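Trainee: To convert, note that position 182 of the sequence shown is 182 in the UniProt record's numbering; the numbers rise steadily by one, no gaps.
Can you read through this structure? Questions will come right after.
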Amino acid sequence: MDDLQFGTRNKRGDWAPNEPAGTAPLFSFPPRPLAVLKWLPSYFLPYNLLFALTAVVWWRYVLPDVETMKTLSVGWILRLFLVNCAALLVFFGAFELRLYILKAQGNRFKYNGKWPSEQKNKAFFFENQNIDNMLRTFGTGMPIWTAIEVAILYAYANGYVPWLTVTEHPVYLFLLALVVPIIHETHFFLLHRAIHWGPLYKWVHSVHHNSVNPSPWSSLSMHPVEQLGYLGVAVWHLIIPSNPLLALYQLHYAGFGAIPGHVGFDKVELTEDKSVDSHAYIHYLHHKHFEVNYGDGLIPFDLWFGTFHDGSKEAAARMDARYEKKKARANAAAAK
Numbered sequence: 001m002d003d004l005q006f007g008t009r010n011k012r013g014d015w016a017p018n019e020p021a022g023t024a025p026l027f028s029f030p031p032r033p034l035a036v037l038k039w040l041p042s043y044f045l046p047y048n049l050l051f052a053l054t055a056v057v058w059w060r061y062v063l064p065d066v067e068t069m070k071t072l073s074v075g076w077i078l079r080l081f082l083v084n085c086a087a088l089l090v091f092f093g094a095f096e097l098r099l100y101i102l103k104a105q106g107n108r109f110k111y112n113g114k115w116p117s118e119q120k121n122k123a124f125f126f127e128n129q130n131i132d133n134m135l136r137t138f139g140t141g142m143p144i145w146t147a148i149e150v151a152i153l154y155a156y157a158n159g160y161v162p163w164l165t166v167t168e169h170p171v172y173l174f175l176l177a178l179v180v181p182i183i184h185e186t187h188f189f190l191l192h193r194a195i196h197w198g199p200l201y202k203w204v205h206s207v208h209h210n211s212v213n214p215s216p217w218s219s220l221s222m223h224p225v226e227q228l229g230y231l232g233v234a235v236w237h238l239i240i241p242s243n244p245l246l247a248l249y250q251l252h253y254a255g256f257g258a259i260p261g262h263v264g265f266d267k268v269e270l271t272e273d274k275s276v277d278s279h280a281y282i283h284y285l286h287h288k289h290f291e292v293n294y295g296d297g298l299i300p301f302d303l304w305f306g307t308f309h310d311g312s313k314e315a316a317a318r319m320d321a322r323y324e325k326k327k328a329r330a331n332a333a334a335a336k
């Protein structure tokens with residue numbers, strides 16, 4: 001595919017789409033029903049449906065029976081941990097292999113013209129972004145992922161929280177399944193905004209932002225505190241009446257679903273004339289500019305709070321003006 005039909009590339013080799021990024025029309029006012037209908041398939045495909053199906057597969061083939069989950073035993077927990085690691089290695093690794101190792105589509109649709117492997121940085125273990133990102137993902141991310149998963153399943157199995165069944169609550173659980181992405185977006189925005197507060201950013205979130213030029217393994221490369229907060233979105237299903245399968249879906253949506261925003265490419269080519277949109281541009285701009293796009297655009301939180309950046313020159317000017325005001329306030333405070 002010719003990426004220059006869809007965007008432009010600057011002298012540094014950075015690519016940007018022609019169309020500015022936009023938020024989903026779901027919460028537009030006044031309502032835009034036709035736009036919502038047109039957008040609706042992308043709410044499910046390809047990612048949301050995939051993550052929901054993985055939850056079903058885990059429930060059917062990976063998890064033990066409920067009686068076994070009533071007891072915290074090494075056997076089933078270790079098996080779950082190994083399956084989670086293997087699945088993530090395959091899923092994230094497929095993007096890494098095709099886009100960054102084989103470079104099957106070159107730099108077509110790649111936002112940052114440089115490759116992480118070409119950039120040594122002392123902020124990373126061994127000065128290597130990929131090694132650092134993988135060590136953080138599998139060293140702390142996957143144990144935390146599995147610990148949250150085990151805690152939720154243990155709580156449901158022992159009756160510590162209500163377990164709503166599909167037979168008794170089909171409509172409610174169906175609607176709850178539909179809003180799993182909305183729960184994620186709300187949780188993510190609030191958490192993300194909080195960890196950009198000075199001390200938390202310095203000690204926690206800066207680890208993730210070391211990957212200014214994100215690639216697939218950057219997706220879950222975080223400080224353990226951030227990993228716990230981010231993957232902990234599934235704990236909401238212990239607070240609201242729910243079902244363990246939906247809690248599993250929520251966890252997979254966060255874990256496996258971290259990759260679209262970090263893949264580093266706007267489109268992943270499937271054939272010479274077909275591709276899948278990554279929907280990564282909004283979050284890429286966050287990694288590039290730091291103090292914009294705290295959400296992913298499903299709910300227009302950033303528009304409401306004045307931190308949205310759509311990639312346009314106008315948005316850049318608004319961002320710069322906001323930075324200048326912030327700098328002026330800091331200078332005034334220091335002068336007192």
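The beta carbon of each residue, even a glycine, is placed where N, CA and C say it ideally should be.
Remember, it's a predicted structure, so these values are computed and weren't measured experimentally.
Counting C-beta neighbours from all protein chains within 10 Å, is the total for residue 181 16 or more, i.e. buried, or is it exposed?
Mentor: The residue labelled residue 181 in the question sits at position 181 within the sequence shown. The residue in question, residue 181, is buried, as its Cβ has 16 or more Cβ neighbours within 10 Å.
Trainee: Is DSSP giving residue 7 helix, strand or coil here?
Mentor: Your numbering for residue 7 matches position 7 in the sequence shown. Reduced to three states, the DSSP call for residue 7 is strand.
Trainee: Report yes or no: do three or more beta-carbon pairs, one from the segment 148-158 and one from the segment 244-261, lie closer than 8 Å?
Mentor: The segment 148-158, when compared against the segment 244-261, does touch it at the 8 Å Cβ threshold.
Trainee: Mind listing, in chain order, the continuous beta strand (DSSP E) runs of no fewer than 3 residues lying wholly within the segment 39-76?
Mentor: None, since the segment 39-76 contains no complete beta strand (DSSP E) of that length.
Trainee: For residue 300, tell me which candidate among 282, 263, 160 has the shortest Cα-Cα distance.
Mentor: Here residue 300 refers to the residue found at position 300 when the sequence shown is read from its first residue. Comparing Cα-Cα distances from residue 300 to each of 282, 263, 160, the minimum goes to 282.
Trainee: Could you tell me the boundaries of the beta strand (DSSP E) in which residue 132 lies?
Mentor: As a working mapping, residue 132 is identified with position 132 in the sequence shown. Looking at the DSSP string, residue 132 is not in any beta strand (DSSP E); the run it does join, the alpha helix (DSSP H), is 129-136.
Trainee: Give the straight-line distance between the Cα atoms of residue 251 and residue 331, rounded to the nearest whole angstrom.
Mentor: Taking the first residue of the sequence shown as 1, we reach residue 251 at position 251. Taking the first residue of the sequence shown as 1, we reach residue 331 at position 331. Using only the alpha carbons, I get a separation of about 43 Å.
Trainee: What does residue 15 pair with, by DSSP beta-bridge criteria?
Mentor: Within the sequence shown, the letter at position 15 stands for residue 15. Looking at the DSSP assignment, residue 15 forms a beta bridge with 9.
Trainee: Rounded to whole angstroms, what is the Cα-Cα separation between residue 177 and residue 171?
Mentor: One-based indexing of the sequence shown puts residue 177 at position 177. One-based indexing of the sequence shown puts residue 171 at position 171. Approximately 10 Å, taken between the alpha carbons.
Trainee: Using a Cβ-Cβ cut-off of 7 Å (strictly less than) and excluding sequence neighbours within five positions of residue 51, which residues of its own chain qualify?
Mentor: Your numbering for residue 51 matches position 51 in the sequence shown. Closer than 7 Å at Cβ, skipping near neighbours: 249, 252, 253, 256, 257.
Trainee: Who are the near neighbours of residue 217 in its chain, counting only those whose CB is closer than 7 Å to its CB and skipping five residues on each side?
Mentor: Here the question's residue 217 lines up with position 217 in the sequence shown. Within the same chain, residue 217 has close Cβ partners 92, 96, 130, 133, 134, 137.
Trainee: Leaving aside the five residues before and after residue 219 along the sequence, list all residues of the same chain whose C-beta is less than 6 Å from its C-beta, in chain order.
Mentor: As a position in the sequence shown, residue 219 is number 219, starting the count at 1. 258, 259, 262, listed in sequence order.
Trainee: Which two residues bound the contiguous beta strand (DSSP E) that contains residue 215?
Mentor: By 1-based counting over the sequence shown, the position of residue 215 is 215. First-last for residue 215: undefined, no H or E at that position.
Trainee: Report the rounded CA-to-CA distance for residue 31 versus residue 115, giving the unit in angstroms.
Mentor: Locating residue 31 in the sequence shown gives position 31, where the first residue counts as 1. Locating residue 115 in the sequence shown gives position 115, where the first residue counts as 1. Rounded to the nearest angstrom, the two C-alpha atoms are 42 Å apart.
Trainee: Check each candidate in 107, 221, 186, 40 and name the one with the smallest Cα separation from residue 264.
Mentor: For the purposes of this step, residue 264 is taken as the residue at position 264 of the sequence shown. Closest option to residue 264, Cα to Cα, is 107.
Trainee: Residue 206 lies in the alpha helix (DSSP H); which residues open and close that run?
Mentor: The count along the sequence shown starts at 1 and reaches residue 206 at position 206. Here the alpha helix (DSSP H) through residue 206 covers 206-209.
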